[in-house]
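Remarks on the structure that follows.
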Amino acid sequence: MKRYSKNNDMPTREAIIGLGESSVRKNYYPELQEKIYTLEKMSSRNNTLIMAIPDLLLVSDTNGYISPFATSSREEATLVLSVIREEYIHSKLKTEIEEVLNTQEPRSFDFELNLSGENKFFEARLHLTELNEVLIIIRDMSERISLENKLRYMAERDYQTGLRNRMKFELSIRQYEKRKDISIGLILFDIDGLKGINDTLGHYEGDKVIKVVSENIEKIFAQADFIGRVGGNEFGIAYINPMPRIMDEKCYELQKALELYNKDKSYSFTVSFGISYSDGNSINLDELYQIADHNLYKNKMLKETSSKSALVRTLMNALEAKDYLTEGHAERMTENAIKLGEYLKLETHTIDQITLLTKFHDIGKVGIPDDILKKPGALDEKEWKIMKTHTTIGQRISSVSAELKPISDLILLHHEKWDGSGYPMGLSGDAIPIECRILALVDAFDAMTNDRPYRKALSFKEAISEIIKCKGSHFDPELVDIFLEILSNK
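Quick note: the sequence shown uses this note's numbering, first residue 12, plus one each step.
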């Protein structure tokens with residue numbers, strides 16, 4: 012007969028061992044109480060551990076009846092109901108439970124559930140316990156899978172356009188290399204003059220061009236099997252079992268779309284392309300690339316010179332559109348510069364250089380923001396720092412043009428001063444090219460005697476006075492004397 016203590020409902024040692032003799036109670040009761048306390052403590056620790064585990068714990072008996080292993084929160088209760096009610100998952104659990112019971116080996120599988128309108132991904136792991144029950148551990152893998160997908164996307168996609176990167180593009184094609192029942196058509200596109208745009212207008216404008224080209228390619232070549240950005244300014248399109256006529260038509264459609272885009276822009280750009288096809292017997296991606304690249308190069312060479320010249324003309328038009336180049340400014344400077352050159356008996360080639368310099372020395376200002384270029388007052392330190400970059404921008408622009416390349420270094424140095432206080436190199440005296448010394452003088456005189464955004468024109472006498480004041484500091488003193496003599500004889 013079981014007996015219980017008067018203080019609580021827990022069974023006493025008498026009930027546990029079935030003995031009531033006082034000697035036995037005296038000898039064994041404290042030890043049993045200590046054992047019970049230890050078991051209760053371990054149970055409490057286990058419950059705390061179970062509650063701390065973020066995974067859902069279920070347990071199944073040998074008949075496949077599934078129940079919560081511990082008291083569930085509201086969120087866990089929703090998941091338990093979903094797992095049990097979802098026919099596929101419940102059936103899969105039953106099958107895996109039987110396998111665990113039969114093999115006594117752990118099992119696992121993945122499944123997907125829609126909870127509150129959101130797709131969630133889970134992993135279920137099943138283990139046999141010593142009590143011949145199957146413990147089911149369900150872990151939410153949604154965050155991990157989302158991160159893995161993001162990392163996979165970053166590894167396979169171009170961050171700027173979202174297209175396949177070169178690695179993914181090539182892997183997509185190489186899976187067909189051993190196939191003899193299909194053929195591949197490859198198109199390579201290259202943005203003409205992108206480096207020139209980056210160098211002259213900045214990488215922000217260059218990135219916009221890349222984005223425009225990629226968006227048009229995605230739209231026009233929507234039926235292509237693979238599209239990728241395979242280089243900084245190069246894109247690849249691949250067709251399985253291609254129709255050459257359609258590929259040609261799409262290429263010209265892209266060129267027309269970009270022409271239309273360029274119509275209302277201050278600068279224009281084009282794309283060159285090359286096409287190659289596999290011979291139908293085998294597919295060799297390296298050979299396809301080589302042939303397409305060769306055809307692209309030929310296409311690019313046909314228009315490279317004209318496109319670079321067009322870029323320079325476009326940029327000059329853009330500068331004029333900003334109303335920075337005042338009417339007659341270049342002509343007046345050219346007239347005075349030629350007179351100085353002839354007085355100094357400079358070679359015709361040098362005078363021709365000066366003439367070009369008077370027209371294009373400020374081409375770099377196309378890359379200067381309008382709010383700085385047209386500011387009515389003096390520039391602050393930050394604005395002046397930006398303004399001074401127009402010499403290096405101008406050099407980069409002119410270096411891509413066959414016509415202007417000979418004066419690209421002169422454009423860089425046209426703001427050097429006789430005393431070394433100019434920019435960007437801080438050259439002084441005769442180290443400054445004669446073309447730049449002449450330009451500095453005629454440009455300053457014309458600027459002073461004509462209205463500018465930040466001030467009205469000075470009188471002829473005031474301008475002469477300023478020139479004399481800067482003799483030997485800003486300007487070559489010998490040139491100043493000659494220039495004043497020329498002006499006095501007008």
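All residues carry an ideal CB built from backbone N, CA and C; glycine is no exception.
What does the alpha-carbon distance come out to for the pair residue i and residue j?
i, j, result
"ARG190", "SER293", "7 Å"
"VAL145", "ILE100", "16 Å"
"ASP236", "LEU299", "16 Å"
"ILE147", "LEU69", "5 Å"
"HIS214", "ILE221", "10 Å"
"ARG240", "ALA341", "43 Å"
"LYS46", "PHE133", "40 Å"
"GLU25", "ARG118", "With a pLDDT of only 49 at GLU25, under 50, the local geometry of the prediction cannot be trusted, and no value is derived from it."
"LEU498", "THR345", "14 Å"
"PHE471", "THR460", "7 Å"
"SER484", "PHE456", "15 Å"
"GLY75", "LEU142", "14 Å"
"ARG407", "THR281", "19 Å"
"ASN209", "VAL411", "12 Å"
"ASP297", "LEU197", "11 Å"
"GLU162", "ILE156", "Looking at the sequence shown, residue 162 is not Glu but Leu. Near 10 Å, if we compare the C-alpha coordinates of ILE156 and LEU162."
"ASN160", "ARG168", "12 Å"
"LEU367", "LYS219", "31 Å"
"PRO435", "SER409", "17 Å"
"LYS482", "LYS386", "28 Å"
"LYS17", "ASP66", "In this predicted model, LYS17 has a pLDDT of only 45, less than 50, meaning its place in the structure is not dependable enough to derive any value."
Report the three-state DSSP secondary structure of residue i (helix, strand or coil).
i, result
"VAL411", "coil"
"TYR99", "helix"
"LEU355", "coil"
"PHE200", "strand"
"LYS482", "strand"
"ILE47", "helix"
"ILE383", "helix"
"SER476", "helix"
"ILE195", "strand"
"ILE64", "coil"
"SER470", "coil"
"SER432", "coil"
"ILE208", "helix"
"ILE77", "strand"
"HIS372", "coil"
"GLY437", "coil"
"LYS13", "Any reading at LYS13 needs caution, since the residue's pLDDT is 43, under 50, leaving its predicted position unreliable; the model's value is listed next. In the structure shown, LYS13 sits in coil (DSSP, three-state: anything other than H, G, I, E or B)."
"ALA348", "helix"
"LEU142", "coil"
"GLN301", "helix"
"GLN3", "No answer is possible for residue 3: the residues shown for the chain start at 12 and end at 501."
"LEU424", "coil"
For the beta strand (DSSP E) containing residue i, name the first residue and the last one.
i, result
"SER119", "118–126"
"PRO417", "Here PRO417 belongs to no beta strand (DSSP E), and DSSP marks it neither H nor E."
"SER71", "67–71"
"HIS138", "129–139"
"PRO488", "Where PRO488 is concerned, there is no enclosing beta strand (DSSP E), although the alpha helix (DSSP H) it sits in stretches over 488–499."
"ARG150", "145–151"
"ILE294", "Counting along the chain, ILE294 falls outside any beta strand (DSSP E), and DSSP gives it neither H nor E."
Taking 7 Å as the cut-off, is the CB of residue i close to at least one heavy atom of the ligand MN?
i, result
"ALA235", "This structure does not include the ligand MN; it has no bound ligands of any sort."
Could you pull the start and end residues of the alpha helix (DSSP H) that residue i belongs to?
i, result
"SER225", "214–231"
"ARG448", "445–459"
"GLU394", "392–398"
Could you confirm whether any beta carbon from chain C is found closer than 8 Å to the beta carbon of residue i?
i, result
"ILE493", "Given the protein chain composition of this structure (a single chain), no chain C is represented."
| request: State whether the segment 293–312 contacts the segment 274–285, with contact taken as three or more CB pairs (one from each stretch) at a distance under 8 Å. | output: Touching, yes.
| message | My parser needs the alpha helix (DSSP H) runs of 4 or more residues fully inside the segment 233–290; what are they? | response | Counting only runs of at least 4 residues, the segment 233–290 fully encloses the following alpha helix (DSSP H) elements, listed from N- to C-terminal order: 255–273.
| request: Report yes or no: do the segment 409–423 and the segment 363–379 share at least 3 C-beta pairs separated by less than 8 Å? | output: Look at the beta carbons and you see the segment 409–423 touching the segment 363–379: at least three pairs across the two are nearer than 8 Å.
| task | Evaluate the contact criterion for the segment 196–213 versus the segment 225–245: three or more CB pairs, one atom per stretch, below 8 Å. | result | For the pair of segments examined, the segment 196–213 was found to touch the segment 225–245: the number of CB pairs separated by less than 8 Å reaches three.
| request: Count the CB pairs spanning the segment 221–232 and the segment 262–273 that are closer than 8 Å, and state whether there are at least three. | output: Enough Cβ pairs lie closer than 8 Å, so yes.
| For the segment 158–188, which segments carrying the alpha helix (DSSP H) assignment without a break, of at least 4 residues, lie completely within its bounds, in sequence order? | Qualifying alpha helix (DSSP H) stretches, in chain order: 177–185.
| Between the segment 485–498 and the segment 448–463, do at least 3 Cβ pairs fall closer than 8 Å? | Yes: the two stretches touch, three or more of their Cβ pairs being nearer than 8 Å.
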